[in-house]
Amino acid sequence: MSFEWIHVAYAALTLFIVINYGMIMTALVRKIGARVSGRYGIPIWQNYIDLAKNIALRSKVTHGAMFYLGPVFRLTGGVGLLLFVPTIYGSVMHQNFSYAGDLILALYFVFFGTLGMALGAGESGHPHAAIGVSRGLAQVTTAELPLALAVYALSLQYQTIDITEIVAAQQGSLFNWTLFTNPLATVAALFGLVGTMMRSPFDVVMAPQEIPIGPPTEYHSSYLALMQTNRVLFPVAKVVIFMNLFFGGATNWAEFAVKAFAIYMIPVLIGVVNPRFRVEQSIRFFLKWGLPVGILAIVTV
Amino acid sequence: MKDIDKSFKKDTETDFPLREEMRPRKVTTPDGQVIDIDPLQDYFCQEPPKVHRKSYSAIVEGFYNWARANSLWILGFGTGCGAIEMRPLMTPRFDAYRYGIQWRPTPRQSNLLVISGYLSVKTLKRAIRAYEQMPQPKYVVGLGSCTINGGMYWDSYNTIKKLDEYLPVDLYIAGCMPRPEALLAGLMDLKKLIRKGEAEGANRYAENFDWYKANQKSVIKDWDMPDYSW
Amino acid sequence: MFSFQPDRSQYPDIGPDGKFEIDLETGKFLKLWQGPNHPGITGNMSVELTVNGDEVVEGKTHVGYLHRGFEKLMERRTFIQVFPIVCRVCVPEPDFNEYCYAAAVEELAGIETPEKAKWIRALILEMGRFNSYMMSIGGIGGALGNGIVGQWLTYVRDLMLDRFEELTGARIYHMFILPGGVRAGLPEGFEGRMEEVLATAERYLDDTEKLLFTNAVFKKRTKGVGYIDPALFESYGVTGPNARAGGVAKDVRKDSPYLVYDQLDFDVPVEHDSDIWARATVRYRDLRVTIDLLRQILAKMPKTGEVMTSLPNVLHWKIPRGETYIKGESSRGEYGYYLVTDGSGYPRRVNVRGPSYTHAMALLEHLIPGTNIADVAALMVSLHTYPPEIER
Amino acid sequence: MRELIEHLTPRYSLGAPVFQRPGLTFVDVKRDKLRALLLDLRDKHGFTHLVLLTAVDWLEEGRFQLTYLLNNRAADQTLGLRLYLDRANPMGDTIHDIWPTAATYQRELREMFGIAFPGSPRVDEEFILEGWTDMPPYRRDFDTLAYSQQTFVERGGRETHEPRATMKHKLYPEG
């Protein structure tokens, strides 16, 4: 695919839509969670106000260059993940910068933000951040393992590492989705999705009751605003990959909205009813259940 | 009530001795380096807080104040018995989330410090630390009669009687203890203050820093604390 | 293939006195403060942890953040002036302070309480226990990351606070039980409205049982964690549900019945595992018993009768020299007041024996070493400690 | 209970018992006999539960009273042992090896009454107060109101109604 400057504008448009979608959707999800516990819940535009408030804060304490770069890396991870994956299949505008090897790049970007965060939080000097980072890296690494295996299984199955081609192969009928053609890989990848979404039972890294609140302890004002932006963008970007790989992709924004919401609700539903695992328990869980399913997925392709 | 013992004189002679771990010393690090450590130098924030100006444009400041008012993050620090009424505030019956009020576990991310009830001297020290860690602009709400004038504990040797001597208070909510409805009404009033741009307690604290510190030091003798939030 | 045993090669050496030799300057250890500004702590106290990796090697409880010097303040007040401040000693369950203080004064002054006042006192105490358990079970859910249980049960607690308000006029500090009886009888139609609250509570508890007590993750987090050897119960002064979770049916309501508990029909639930799971379960089952007791008390209560005896002129009330100890079974264990009088109009000494005093200090410090950092909050909540009664 | 006290009295030279109510007895003990008595009560007579350990300041008599409350759950008996210490130089014996939880009580007594318990773990560490330089606050000669007035700033306009004066004024306005 040849590069044209108009693609940058298109990608920015995609980014804009996805960020706003993420803002509204995460607020909606929090509202749903509040309704389960019997509350009315936050206003649907609360995320925007929080963001504006954090930017409006006057004091910004920094702990060094890496402390500043941490949220930047994290946001880069989110934006990169989104921009190198086709958001809407078949649309020229929202094809973004996807290219023949984007599957590998996407895998890299899923992890990239966490690493950036580790560097930044480590520099803040707060012991909670340091402990949170070491826990977070350990847990995310094992949670990614089934996801990586599922992706290998997929590239074996479709004989490609181009997400666009994988989506193309799933078009036509509901039963062409990877969900039905390779259910084992889907299950293995869902382990990865649930494990990296930072929701119960795998959210001990950010748990306020234990190590409050893990890596972002020292982040405030604009730094936190950057991370908040990423917090609404990154899950959606991750969900886009899953949508493309396993659920047939989206051919228009309406389909995107419905599918992304549905996939996002999987970890939310699991999270709302479960307490959280300890770090070593969740590692054990992924090695015991996620890993074999992932290996099985590769073997049975 | 027993009469006051006029002959009783507070011991003002004795100074609190510097603890062993607070004295300057030499330390060998794991990689063999010898470094000097003066804990009090390290632990104390020697730099006084800065006075932060408002935005130059009134419209921008107005928008910022609107955002600040509608996104109040409370530090989850229950300093006294008032903390027990903070919990119903965040649960189905009263649900303060509706108004953009949320809980935050770390002082770095919160804007509102609710002093929920009396402050013993020991807690005052932590409350000051938490307050100083919060980013500007920040607000303090005194909850309960005991923050106003000592309330029930007016003759106690261990609780402060007047919170605004030690921290710049924006608003008091009276009662022992104030009901959640009163808390909600108080927080709504605080929002109005913020929107009018009158809740500039942090700048007041920075301008009168020496006065506040002198007041704090007159009751807190032992300043030993870990140098991070807790 | 995989060994999931923790790597203890970096552990501190054990000194001659059997304790770890912890030298912070080696860099192997990290001091972590949990509290007082910490969502996982039960109220305003703090635990100073020394961690090695994810494991805690030493824990020290620090209290005193809530110290108001109650026992000193009481010595300055006349007997009747003490009564409004006693309830402030323990915030989530204040009624036990009122009852114990009132009963101690009555015993030393030789005042008889009317029969109906005893029933109302028992009713108030059980309502307080209900609230306290609601907070405790919600807290265990919250400490392990299931906030919904906390939300539900706090809502139910609010309903019970409405009944408190109806009966006493206040939500938290009721100041209802005073020496000589209680301030008033039951309002019209109280039983019916109480029954509504209890029915709602049972519905929410059914949901809680399904959500929390059958959850695999919850079981994994709590079973076998925070085990207290029942042989240590006596030496660490463990009472109440913490002891009942270890197979010792300690309950002052049964062991030395006070008020009207000898006329009520109830069983004390006992579990045997003595871990966090058992302590949560025993509280849950005891909450069911409490609901049943509330129904029984309302049904068996005499419908008519005095609720207050006439006191001597409280401004000149002097009580002869003597001392006594009154205890009751609060939701956390044995709650007691030790009152010494010296013949003057003021108490000579009041000492509050809060169950958290032993649970949160010596016992917690004994239990913490060897646990994971993530379990400290759950451990503390499962012991159900309220710091204000430790330092008063 | 009477039998037990009668049985123990000659061996430990106990004082005259006070039978406060069925199930609660107070008795005076001597300091040198205390430890043996506690062990005996715990191991032979079922008083396994240390309910509380506290002190009473008898300022006028120049002595501190230590109260050890022990409970025998099976027999539903509580026994309070009263031990008197000289107020000028109060020194108690630690019992933390009999009941580990007593260490906490002793720390509190050390801080709040200034009673020394040599050998008790962490007894000299601060327990409740922090940076306290005055006399131990639970002593009777410590005046909390005077201390508070000399330490803290008070807000003006507080009105105190002394109940006796108020009532007198209400009932007899002419005086």
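First to last, the sequence lines map onto chains A, B, C and D.
Okay, so the first sequence: first residue is 49 according to my numbering, each after it adds one.
Okay, so the second sequence: first residue is 42 according to my numbering, each after it adds one.
Okay, so the third sequence: first residue is 21 according to my numbering, each after it adds one.
Okay, so the fourth sequence: first residue is -10 according to my numbering, each after it adds one.
From the three backbone atoms N, C-alpha and C, an ideal C-beta is built for every residue, glycine too.
Check                                                                                                                                                                              : Outcome
Per DSSP, what kind of secondary structure is W271/B in: helix, strand or coil?                                                                                                    : Below a pLDDT of 50, predicted positions are generally treated as unreliable, and W271/B, at 48, falls in that range; no measurement from the model is reported.
Could you tell me the alpha carbon to alpha carbon distance between Y137/A and R170/B, rounded to whole angstroms?                                                                 : 53 Å
Between D306/C and the rest of its own chain, which residues show a CB-CB distance below 7 Å, the 5 nearest in sequence each way excluded?                                         : Y153, P261 and P289
Check whether the segment 237 to 251 of chain C and the segment 389 to 405 of chain C are in contact - that is, three or more C-beta pairs closer than 8 Å.                        : yes
Let me check one thing: in DSSP terms, what residues is F309/A bridge-paired to?                                                                                                   : Per DSSP, none; premise fails for F309/A.
Taking the alpha-carbon of F145/A as reference, which of H111/A, Y88/A and A60/A has the nearest alpha-carbon?                                                                     : A60/A
In chain order, which alpha helix (DSSP H) runs of at least 4 residues are fully inside the segment 216 to 245 of chain A?                                                         : 226 to 229 and 231 to 244
Taking 7 Å as the CB-CB limit, is D178/C close to chain B?                                                                                                                         : yes
Go to P59/C, then tell me how far its beta strand (DSSP E) extends in each direction, as first and last residue.                                                                   : That residue, P59/C, is in no beta strand (DSSP E); it is neither H nor E in DSSP.
Tell me the rounded alpha-carbon separation between G112/A and E171/A.                                                                                                             : 7 Å
Consider the Cβ of M154/C: report whether some Cβ of chain D lies at a distance smaller than 7 Å.                                                                                  : no
List, in order along the chain, the chain B residues whose C-beta lies closer than 8 Å to that of Q171/C?                                                                          : T132 and P133
Cβ closer than 7 Å: which chain B residues qualify as neighbours of A135/D?                                                                                                        : I45, D46 and F49
Mark M229/B as exposed unless 16 or more other C-beta atoms lie within 10 angstroms of its C-beta, in which case mark it buried.                                                   : exposed
With which residues is G201/C paired in a DSSP beta bridge?                                                                                                                        : L198/C and M328/C
For a quick check, are the C-beta atoms of V327/C and G201/C less than 7 Å apart?                                                                                                  : yes
What are the partner residues of E222/C, as DSSP defines its beta bridges?                                                                                                         : Paired residues: none, contrary to the question.
Less than 7 Å between the C-beta atoms of V302/C and R264/C, yes or no?                                                                                                            : yes
Taking 7 Å as the CB-CB cut-off, is V67/C touching chain E?                                                                                                                        : Structure shown: chain E not included; protein chains present are A, B, C and D.
Is Y390/C close to chain A, meaning its C-beta is less than 7 Å from at least one C-beta of that chain?                                                                            : The residue asked about is misnamed: residue 390/C is Gly in this sequence, not Tyr. Judged by the 7 Å Cβ criterion, G390/C is not in contact with chain A.
Could you list which residues in chain C have their beta carbon closer than 7 Å to that of I259/A, in chain order?                                                                 : I393
Report the residue ranges of all alpha helix (DSSP H) runs contained in full by the segment 60 to 148 of chain A; include only those spanning at least 4 residues, in chain order. : 94 to 104 and 113 to 131
Tell me, please, whether the segment 272 to 288 of chain A touches the segment 123 to 132 of chain A by the rule of three or more beta-carbon pairs shorter than 8 Å.              : yes
For the alpha helix (DSSP H) containing L185/A, name the first residue and the last one.                                                                                           : P175 to Y206
Name the chain C residues whose beta carbon is nearer than 8 Å to that of N144/A?                                                                                                  : Those do not exist, as N144/A stays about 36 Å from chain C at its closest Cβ, beyond 8 Å.
Please report the residue range of the alpha helix (DSSP H) in which D75/D lies.                                                                                                   : Taken as a continuous stretch (DSSP letters only), D75/D belongs to no alpha helix (DSSP H), being part of the beta strand (DSSP E) at Q66 to D75.
Would H58/C be called buried (16 or more neighbouring beta carbons within 10 Å of its own) or exposed?                                                                             : buried
May I ask which residues mark the beginning and end of the alpha helix (DSSP H) holding E173/B?                                                                                    : V162 to Q174
Going by DSSP, which residues form a beta bridge with V181/B?                                                                                                                      : L154/B
Since A351/A and D98/A should fall inside the 8 Å C-beta cutoff, what is the C-beta to C-beta distance between them, to a whole number of angstroms?                               : This structure gives no information on residue 351/A, because the portion of chain A shown stretches from 49 to 349.
Does W297/C pass the burial test, meaning 16 or more other C-beta atoms within 10 Å, or should it be called exposed?                                                               : buried
My understanding is that V210/B touches G183/B, with C-beta atoms under 8 Å, so please give their C-beta distance in whole angstroms.                                              : 5 Å
Run through the segment 320 to 381 of chain C for me and flag every whole alpha helix (DSSP H) of 4 or more residues, listed as ranges in chain order.                             : 375 to 378
Of all the options L335/C, L384/C and D395/C, which has the alpha carbon lying nearest to the alpha carbon of P101/C?                                                              : In the sequence on display, residue 101/C carries Gln and not Pro. Checking every option, the nearest Cα to that of Q101/C belongs to L335/C.
Excluding the 5 residues flanking Q9/D on each side, which residues of the same chain have their C-beta closer than 7 Å to its C-beta?                                             : F15
Could you tell me which whole beta strand (DSSP E) segments of length 3 or greater appear in the segment 111 to 155 of chain B?                                                    : 113 to 116 and 142 to 145
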